[in-house]
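Undergrad: A single structure is presented below for examination.
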Amino acid sequence: MASGHLMEGRQMSSKPRIVITGLGLTAPNGNSLGEFRANLLAGKARIAVIDVRHMGKHPAGVCDFDTTKWQKRKELRIGTRVGSISIFCSREALGDSGLDWDKVDKSRVGVYLGITEHGNVETENEIHNISQFGNDTKYWTHHHNPRTVANNPAGEVTMNMGITGPHYTIGAACAAGNAGLIQAAQMLQLGEVDIAFAGGVSESIHTFGIFAGFKNQGALGAHEDPTKASRPFDKNRNGIVISEGGAIYVLERLDGALARGARIIAEIAGWCINSDATDAVLPNPERQTECVHMALKRAGMKPQDIHIVSTHATATALGDIQECTALRNVFTDCPDTKINNTKSFIGHCMGAAGALELAGNLPSFEDNWVHPTINIDELDPECAMPGLVINHPIKVARVDTILNNSFGMLGINSALIVKKYGVA
Amino acid sequence: MTKDDIKQVVLDIIADIAPDEDLTTVKPEVRLRDQLSLDSMDFLDIVMELRKKHGIEVPEADYVQLASLDSCANYLLPKFEAKGK
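Heads up: the protein sequence lines correspond to chains F and D, in order.
The opening residue of the first sequence carries number 486 in my numbering; numbering runs sequentially from there.
The opening residue of the second sequence carries number 1200 in my numbering; numbering runs sequentially from there.
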């Protein structure tokens, strides 16, 4: 097996190098990377209280991007909320990338978006709609199927932007943000496309089913101050704050990016997706440990090479401890490794979580600041880890590498490593 | 309800389903699809809104009757009258 691992390392290093050259996002506390990053460094969470159908008021992360910036009102009426998030993020990423869109061969562009789920919102809306008409299905909208097919968010992007290459979504529970990026990197390495729009998106705050499911699982976060409801690693954490959002990146092969003189934000260094194969909802730290180890091996790195670990922790009682156990297994004797968490600011953006959490850390390559995990009033001793950045950002000597964890139900684990471009 | 009232009912529905369109210059005798950006799904929306808001059913065989504001008014008037409107 050892030789097999070495072979994987060689295979990855012999494949085309993949770089990030653009980024667009919407998060509950920011509609651009600059705004998002500033709030992460300033310790500013933004969680609203919304009225959830059948369930009353609950904390949730709500995005307030300009929906008509890139879409006509008719497109908004016909499409989905997550389609709108996807279009906003993709268009913003395009602008950030500096691509001359009129000259891009649209048949060589792919769209790969990670989703935790899709169709719950639209289905619940229609069930509510026909309930106003005696549950007569002749009042069920003819827009239901195009709104709920699993490729909807990515397909809406292609229609809005005239992209004729491949598009689909990657269903990967809450590991989806990483999974979208990994899928895109693989398709670029295979030569299937030249440009990829990839990341993760979510509209999950608009479905009561997800709130009810977490509540009845004993995993829905609450606090009298909604901005403190999401508090990973805190001793008194009580569950997840559900949020919407999106982060979509422009990825391309390094040679193409260099040829067009693109600004290179980061390089994809390695990744791993594996499966617990143990439980539908309870995480498995042993498999998480293996996932991180494999991502490091494929990146040709040691644990000591990682400067920031962006944790997945969602503020559930057991899940946070399990991830900390996995990280302690890997990052022993790593004085330069700092660990943080973004959900403490914006809640759990579900399909967008991994992509957004990576995005908020990318500016560290330039400014050498590491944003903290906030809302820790009393650190849970079982979540104590050397390098955990608590409540206040810290300045470090250098940040060359980020490991981004994203895990999800049915035991899907993902670890994605990005590095500062130009670093060996 | 007059034919002009019915034309306004249809225009109000179109204003909701095609909010980017300028409806101030719609010619009642010209096919709606020839002067507005409307597709088959939009016409299904018109049918749905007539059903939801006014209890009016338009069988699929009669969809052609919704081609213009004038044809809408001619076709829908007896249906509205039958509803006592």
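For glycine and all other residues, C-beta sits at the position ideal for the given N, C-alpha and C.
From a predicted model like this one, the values you see are computed outputs, not experimental measurements.
1. Hey, quick one: how far does the alpha helix (DSSP H) through leucine 584 (chain F) stretch, first residue to last?
2. Hey, would you say tyrosine 597 (chain F) sits closer than 8 Å to glutamine 668 (chain F), going by beta carbons?
3. If I measure Cβ to Cβ from glycine 872 (chain F) and keep anything under 6 Å in the same chain, skipping five residues before and after, which residues do I get?
4. What span of residues does the alpha helix (DSSP H) with threonine 643 (chain F) cover, start to end?
5. If you reduce the DSSP assignment to three classes, tell me which class isoleucine 831 (chain F) lands in.
6. Please decide whether arginine 495 (chain F) counts as near chain D, where near means a Cβ-Cβ distance under 8 Å.
7. Output, in sequence order along the chain, the residues in the segment 604 to 627 of chain F whose CB is closer than 8 Å to any CB in chain D.
8. Chain F beta carbons: is any one of them nearer than 8 Å to that of leucine 1265 (chain D)?
9. Pull out every residue of the segment 1212 to 1240 of chain D whose Cβ sits closer than 9 Å to any Cβ of chain F, in chain order.
10. Going straight from the alpha carbon of cysteine 819 (chain F) to that of isoleucine 879 (chain F), what length do you get?
11. Chain F partners of methionine 1200 (chain D), CB-CB under 9 Å?
12. Mind listing which residues of the segment 547 to 563 of chain F have their C-beta closer than 8 Å to chain D's C-betas, in chain order?
13. Against chain F, does lysine 1289 (chain D) count as a neighbour if the rule is that its beta carbon must be under 8 Å from one of theirs?
14. With burial defined as no fewer than 16 other Cβ atoms inside 10 Å of the residue's Cβ, what is the status of aspartate 1241 (chain D): buried or exposed?
15. How would you call arginine 716 (chain F), buried or exposed, if buried means at least 16 neighbouring beta carbons within 10 angstroms?
16. Alpha carbon to alpha carbon, how far is glycine 832 (chain F) from alanine 1214 (chain D)? Give it in angstroms, no decimals.
17. Start and end of the alpha helix (DSSP H) containing isoleucine 1245 (chain D)?
18. Give the DSSP-derived three-state secondary structure of valine 1181 (chain D) in the structure shown.
19. Whole angstroms is fine: what's the gap from asparagine 759 (chain F)'s alpha carbon to asparagine 898 (chain F)'s?
20. Among the residues of its own chain, which have a CB less than 6 Å from the CB of glutamate 867 (chain F), if the five just before and after it don't count?
21. Measure the C-alpha to C-alpha separation of glutamine 496 (chain F) and aspartate 590 (chain F) and round it to an integer number of angstroms.
22. Where do the ends of the alpha helix (DSSP H) carrying cysteine 868 (chain F) lie?
23. Suppose the cutoff is 6 Å on Cβ atoms and the five residues either side in sequence are ignored; what does the same chain contact list for isoleucine 1212 (chain D) look like?
24. How would you list, in chain order, the residues of chain F whose beta-carbon sits under 8 Å from the beta-carbon of leucine 1243 (chain D)?
25. Looking at chain B, is there any beta carbon in it that lies within less than 8 Å of the beta carbon of isoleucine 727 (chain F)?
26. Opposite glutamate 752 (chain F) in the DSSP bridges: which residues?
27. Rounding to the nearest angstrom, what Cα-Cα distance links isoleucine 572 (chain F) and alanine 1281 (chain D) in this structure?
28. Just list the beta strand (DSSP E) runs in the segment 668 to 735 of chain F, keeping only unbroken ones of 3 residues or longer that don't cross its boundaries, in chain order.
29. Could you say which of F:Ile727, F:Ala909, F:Leu803 lies nearest to proline 711 (chain F) if we only look at CA atoms?
30. Is the CB-CB distance between leucine 888 (chain F) and valine 794 (chain F) below 8 Å?
31. When you compare each of F:Gly755, F:Thr886, F:Ile695 to methionine 894 (chain F) by their alpha carbons, which one comes out closest?
32. On the criterion of 16 or more Cβ atoms from any shown chain inside 10 Å, does glycine 489 (chain F) qualify as buried, or is it exposed?
33. Under the rule that 16 or more other beta-carbon atoms within 10 Å means buried, what is glycine 896 (chain F), buried or exposed?
34. Hey, glycine 746 (chain F) and cysteine 574 (chain F) are a contact pair by Cβ (cut 8 Å); roughly how many whole angstroms apart?
35. Give me the residue from F:Tyr906, F:Asp764, F:Arg566 with the minimum Cα distance to phenylalanine 892 (chain F).
36. So for lysine 557 (chain F), helix, strand or coil by DSSP?
TA: This is what the structure holds:
1. Counting along the chain, leucine 584 (chain F) falls outside any alpha helix (DSSP H), and DSSP gives it neither H nor E.
2. yes
3. Thr822, Lys823, Ile824
4. 637 to 646
5. The three-state reading of DSSP puts isoleucine 831 (chain F) in helix, counting H, G and I together.
6. Residue confidence is low: arginine 495 (chain F) scores 44 on pLDDT, short of 50, so the model does not pin down where it sits. No coordinate-derived value is stated.
7. Phe618, Lys623, Tyr624, Thr626, His627
8. no
9. From the segment 1212 to 1240 of chain D, only Asp1215, Ile1216, Ala1217, Pro1218, Asp1219, Glu1220, Ser1236, Met1240 have a Cβ closer than 9 Å to chain F.
10. Looking at the two C-alpha atoms, the distance is approximately 17 Å.
11. Within 9 Å Cβ-Cβ: nothing; methionine 1200 (chain D) doesn't reach chain F, min ~23 Å.
12. Against chain D - using a Cβ distance shorter than 8 Å - the residues of the segment 547 to 563 of chain F are Lys557, Arg558, Lys559, Arg562, Ile563.
13. Absent from the model: residue 1289 (chain D). The displayed extent of chain D is 1200 to 1284, so no value can be given.
14. buried
15. buried
16. 37 Å
17. 1239 to 1253
18. A question about residue 1181 (chain D) goes unanswered here, because the residues of chain D that appear run from 1200 up to 1284.
19. The alpha-carbon atoms of asparagine 759 (chain F) and asparagine 898 (chain F) are separated by roughly 5 Å.
20. Ile806
21. Because the pLDDT at glutamine 496 (chain F) is just 49, under 50, the model does not fix this residue reliably, and the point stays unresolved.
22. Premise fails: cysteine 868 (chain F) is in no alpha helix (DSSP H) and is neither H nor E.
23. The answer, listed in chain order, is Ile1245, Glu1248.
24. His627
25. Looking at the structure shown, chain B is missing, and the protein chains on hand are F and D.
26. Residue pairing by DSSP puts glutamate 752 (chain F) in a beta bridge opposite F:Val504, F:Lys904.
27. 46 Å
28. 680 to 687
29. F:Ile727
30. The Cβ atoms of leucine 888 (chain F) and valine 794 (chain F) sit closer than 8 Å to each other.
31. F:Ile695
32. Bear in mind that a pLDDT of 44 at glycine 489 (chain F), under 50, signals an unreliable position, so the number given afterwards is only what the model happens to contain. So glycine 489 (chain F) ends up on the exposed side.
33. buried
34. Not really, about 24 Å apart at Cβ, beyond 8 Å.
35. F:Asp764
36. coil
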